[in-house]
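A short write-up of the structure that comes next.
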Amino acid sequence: MDHLAAAWGGSGLLLGVIEVSFDPRWLSQGPLGLLLSWQGLAAAVIVLASLVVGAVATMRYRPARAGDVPADAPALRRDDLLFIAVAVVPGAVIGGRLVYGLDYASVFASEPIALLDPARGSLSLLGAVIGGTLSAAYIARILEGGRRDWRRWLEIGAPILLFLVVGAKFSQFLGGGGQGLPWAGEQAVAFLGPGPWQSVAPALPTIPAQLLEGAWAAVGVLVLAIVAGRLRPGTVYLWALVWWLVGRVAIAFTWRDDALVGPLGMEQLLAIVTLLVVAVLLAAGRMRAGAAAESAPPDGLVWPERPIDPTELPPTANRPT
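If you're matching positions, the sequence shown starts at 85 in this note's numbering and goes up one per residue.
Structure follows, in structure tokens:
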């Protein structure tokens, strides 16, 4: 890749290319270089902003439709939001690391213990989202006493998911990571200067794949705000996940990852499997909702708790018509 970058740079095709040449490190060059960098700063800001958005959404939460939540359900509490946010971390780290190991199975096959070394590689965003979702949902269910009310947290978590993806991809860009395939277009991005940048051959003009995925997630926030009220309760988060995964699978064709099955890479395959699982969950939920609607009494009627004794009816009700 280095010799390709040199050849590209000398061919005059850098005209019109977006050149990024700032220093990604703003304070430290040692072990804390990643945390004390523009990428680390952006990640910290986006996490704090997500907590603020979640706190505001928790206080202003209202069911999408009347009857979505039982009348006696307790109000959502900001303290619970903090517990759920903390619960995301272990699931995200474990899930992100496991999926990253699958992405580079050929590298870790000879030394599986290296997966426990945080200095070796990174985390898979897909694995972090799946793992964080499972751990947070588990804690939310415990906090709600095992009732179905815990799904209310998914309504709040849906925009936060897409918001975090936007922040993650923007912070990845600030570190020079997530670059796609070489490209001669005017919107190609090349990272110049000493860096250190996280992409191989950063000076090579390439497709800004990380910005494309971030922009797709940003559009998803707007779409979700428009259609959320029309979705069944408890499914908003799943639909937000579908939106992100569809865009991720499509944009992954611009990545530098090796194809594993046909044109698909490992991350694409795992994303497609996740989409299939989500589709099954949505279909099962729709079937349960349909069965519940069929078994419900007609509108305006309430089934009595016990058979009615004719002697208890008003006198006018016993008269023949």
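Cβ atoms here follow ideal geometry from the backbone N, Cα and C, with glycine treated the same way.
On the DSSP bridge assignment, give the partners of Thr-338 in chain order.
Looking up residue 338 in the sequence shown gives position 254. The partner list for Thr-338 (beta bridge, DSSP) is empty, contrary to what the question assumes.
With 16 other CB atoms within 10 Å as the buried threshold, where does Val-101 fall?
As a working note, residue 101 is residue 17 in the sequence shown. Buried is the call here.
Can you tell which of Pro-243, Ile-291 and Ala-220 has its C-alpha closest to the C-alpha of Val-320?
Numbered from 1 along the sequence shown, position 236 holds the residue referred to as residue 320. Per the Cα distances, Pro-243.
Sort out for me which residues DSSP pairs Ile-197 with in a bridge.
The residue given as residue 197 occupies position 113 in the sequence shown. None, per the DSSP bridge assignment.
Between Gly-215, Leu-182 and Val-191, which lies nearest to Val-170 when the distance is taken from Cα to Cα?
Here the question's residue 170 lines up with position 86 in the sequence shown. The candidate whose alpha carbon is nearest that of Val-170 is Gly-215.
Figure out for me which residue from Ser-283, Val-345, Leu-354 and Thr-290 has the closest Cα to the Cα of Arg-332.
Here residue 332 refers to the residue found at position 248 of the sequence shown. Nearest of Ser-283, Val-345, Leu-354 and Thr-290 to Arg-332, Cα basis: Leu-354.
For a minimum of 3 consecutive residues, which ranges assigned as the beta strand (DSSP E) are wholly contained in the stretch 290-349?
Here no run is fully enclosed.
Reducing DSSP to helix, strand and coil, say where Phe-275 ends up.
Numbered from 1 along the sequence shown, position 191 holds the residue referred to as residue 275. The answer is strand: DSSP assigns Phe-275 an E or B state.
Hey, Thr-338 and Ala-293: beta-carbon distance below 7 Å or not?
As a first step, residue 338 is located in the sequence shown; it is residue number 254 there, counting from the start. As a first step, residue 293 is located in the sequence shown; it is residue number 209 there, counting from the start. The answer is yes: Cβ separation under 7 Å.
Hey, how far is the Cα of Val-345 from the Cα of Ala-224?
As a first step, residue 345 is located in the sequence shown; it is residue number 261 there, counting from the start. As a first step, residue 224 is located in the sequence shown; it is residue number 140 there, counting from the start. Taking the straight line joining both Cα atoms gives about 37 Å.
Out of curiosity, what's the CA-to-CA distance linking Asp-107 and Trp-328?
The sequence position of residue 107 within the sequence shown is 23, counting from 1. The sequence position of residue 328 within the sequence shown is 244, counting from 1. Using only the alpha carbons, I get a separation of about 31 Å.
Given a cut-off of 7 Å on the beta-carbon distance, is the pair Ala-274 and Ala-287 in contact?
Position 190 of the sequence shown, counted from the start, is the residue given in the question as residue 274. Position 203 of the sequence shown, counted from the start, is the residue given in the question as residue 287. Their beta carbons are under 7 Å apart, which means Ala-274 touches Ala-287 by this criterion.
How many angstroms separate the CA atom of Val-362 from the CA atom of Ala-139?
The residue given as residue 362 occupies position 278 in the sequence shown. The residue given as residue 139 occupies position 55 in the sequence shown. When rounded, the distance between both Cα atoms is 27 Å.
Can you tell me which of the three DSSP states Glu-103 falls into?
Looking up residue 103 in the sequence shown gives position 19. Note: Glu-103 maps to strand in three-state DSSP.
Closer than 6 Å by C-beta to Trp-234: which residues in its own chain qualify, once you throw out the five before and the five after it? Chain order, please.
Within the sequence shown, residue 234 is the residue found at index 150, counting from 1. Cβ neighbours of Trp-234 beyond the five flanking positions: Ala-224, Arg-225 and Glu-228.
Going by CA-CA distance only, name the one from Ala-212, Pro-280 and Asp-341 that's closest to Gly-264.
Here residue 264 corresponds to residue number 180 of the sequence shown, with the count starting at 1. Checked all of Ala-212, Pro-280 and Asp-341; the closest Cα to Gly-264 is Asp-341.
Report the residue from Glu-239, Leu-296 and Ala-343 whose alpha carbon sits nearest the alpha carbon of Gly-262.
Mapped onto the sequence shown, residue 262 falls at position 178. Closest option to Gly-262, Cα to Cα, is Leu-296.
In angstroms, rounded to a whole number, what distance separates the CA positions of Pro-202 and Arg-161?
Locating residue 202 in the sequence shown gives position 118, where the first residue counts as 1. Locating residue 161 in the sequence shown gives position 77, where the first residue counts as 1. So the alpha carbons of these two residues sit roughly 34 Å apart.
Considering just the uninterrupted stretch of the alpha helix (DSSP H) at Arg-236, what are its terminal residues?
One-based indexing of the sequence shown puts residue 236 at position 152. Per DSSP, Arg-236 belongs to the alpha helix (DSSP H) from 236-258.
Decide if Leu-258 is buried, meaning its Cβ has at least 16 other Cβ atoms within 10 Å, or exposed.
In the sequence shown, counting from the first residue as 1, residue 258 sits at position 174. It counts as buried.
Would you mind stating whether Gly-241 and Ala-212 have Cβ atoms separated by less than 7 Å?
Residue numbering aside, residue 241 sits at position 157 when the sequence shown is read from its first letter. Residue numbering aside, residue 212 sits at position 128 when the sequence shown is read from its first letter. No. Outside cutoff.
Would you kindly report the start and end of the unbroken alpha helix (DSSP H) that includes Tyr-222?
As a first step, residue 222 must be located in the sequence shown, where it is residue number 138. Counting along the chain, the alpha helix (DSSP H) containing Tyr-222 begins and ends at 209-227.
Rounded to whole angstroms, what's the CA-CA distance from Pro-266 to Val-307? Just pull it up for me.
Here the question's residue 266 lines up with position 182 in the sequence shown. Here the question's residue 307 lines up with position 223 in the sequence shown. Approximately 31 Å, taken between the alpha carbons.
Would you list the residues sitting across from Pro-266 in a DSSP beta bridge?
Taking the first residue of the sequence shown as position 1, residue 266 is located at position 182. Pro-266 is bridged to Thr-290.
Assuming Leu-238 contacts Gly-318 under a Cβ cut-off of 8 Å, what Cβ separation, rounded to an integer in Å, is found between them?
Taking the first residue of the sequence shown as 1, we reach residue 238 at position 154. Taking the first residue of the sequence shown as 1, we reach residue 318 at position 234. So it is a contact: roughly 6 Å between Cβ atoms.
Assign Arg-371 to one of two classes, buried (16 or more other C-beta atoms within 10 Å of its C-beta) or exposed (fewer than that).
Your numbering for residue 371 matches position 287 in the sequence shown. In the sequence under discussion, the amino acid at residue 371 is Met, which differs from the Arg named in the question. Counting Cβ neighbours within 10 Å, Met-371 comes out exposed, since fewer than 16 surround it.
Using 8 Å as the Cβ pair cut-off and three pairs as the minimum, do the stretch 276-283 and the stretch 189-201 touch?
The stretch 276-283 vs the stretch 189-201: no contact.
Do you know whose CA, among Pro-347, Gly-185, Ala-189 and Trp-323, lies nearest Val-311's CA?
One-based indexing of the sequence shown puts residue 311 at position 227. When only C-alpha atoms are compared, the closest one is Trp-323.
Do Ser-219 and Tyr-184 have their C-beta atoms within less than 7 Å of each other?
Locating residue 219 in the sequence shown gives position 135, counting from the first residue. Locating residue 184 in the sequence shown gives position 100, counting from the first residue. Cβ distance not < 7 Å, so Ser-219 and Tyr-184 don't count as in contact.
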